[in-house]
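For the sequence shown, the numbering used here begins at 187 and goes up steadily by one. Positions of the beta carbon are idealized from the N, C-alpha and C atoms, including for glycine. Fair warning: this is a prediction, and the values are worked out from it, not measured in the lab. Worksheet for the structure shown next.
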Amino acid sequence: MDIARSFFFADANHDGDLTRAEARRLSIGTMSFEEMDRNFDGLISRFEYEDSLR
């Protein structure tokens, strides 16, 4: 599954951000979540997600 599709799959409400609960669908651990949340808003945007995986 490519990066965009995996984000779409995990983003249950399709608001463009992943909450911690949604990120669990991707097996993102707490430390990884915090590292991906680069602006510290408690969410992972699609940009943050894609940028972290490249």
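Please determine, among the options, the residue with the shortest C-alpha to C-alpha distance to residue i.
| i | options | result |
| --- | --- | --- |
| Arg211 | Leu229, Met222, His200, Ala196 | Ala196 |
| Ser213 | Asn199, Gly202, Phe193, Phe226 | Phe193 |
Cβ atoms of residue j and residue i: under 9 Å apart, would you say?
| i | j | result |
| --- | --- | --- |
| Arg240 | Ile189 | yes |
| Arg167 | Phe219 | In this structure the chain extends from 187 to 240, so residue 167 is not present and cannot be described. |
| Met255 | Ala209 | In the structure displayed, the chain extends from 187 to 240; residue 255 sits before or after that span and is not available. |
Give me whichever residues DSSP pairs with residue i in a beta bridge.
| i | result |
| --- | --- |
| Leu204 | Ile230 |
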